[in-house]
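Below is one structure, written out as structure tokens; the observations come after it.
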Amino acid sequence: MKAKEIRELSAEELAKKLRDMREELLNLNIRKGTGQVENTARIRQLRRDIARCETVKTQK
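Below is the structure:
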């Protein structure tokens, strides 16, 4: 997700997006511990998307 797309979201949409991404990251980390994750790059991508969302949230 690009920063431009994130900036276009409302505060409520941004909060929901953050919640969903954190939940997905938690599930992926749990599955990584049991060796069930096929796409480990998704974890890194989610962490960075969460950071982008937090940055935009702070800027608003």
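Numbering (our numbering), first residue to last: 3 to 62.
Just so it is clear, CB atoms sit at the ideal spot from N, CA and C, and this is done for glycine as well.
For residue 52, same chain residues with a beta-carbon under 8 Å away, outside a window of 5 residues either side, are 20, 23, 24 and 27 in chain order. Classified as exposed, residue 32 has fewer than 16 neighbouring CB atoms from the shown chains inside 10 Å of its CB. Between the C-alpha atoms of residue 39 and residue 29 there is a straight-line separation of about 10 Å.
Look at residue 39 here: in three-state DSSP terms it is coil, with no helix or strand label.
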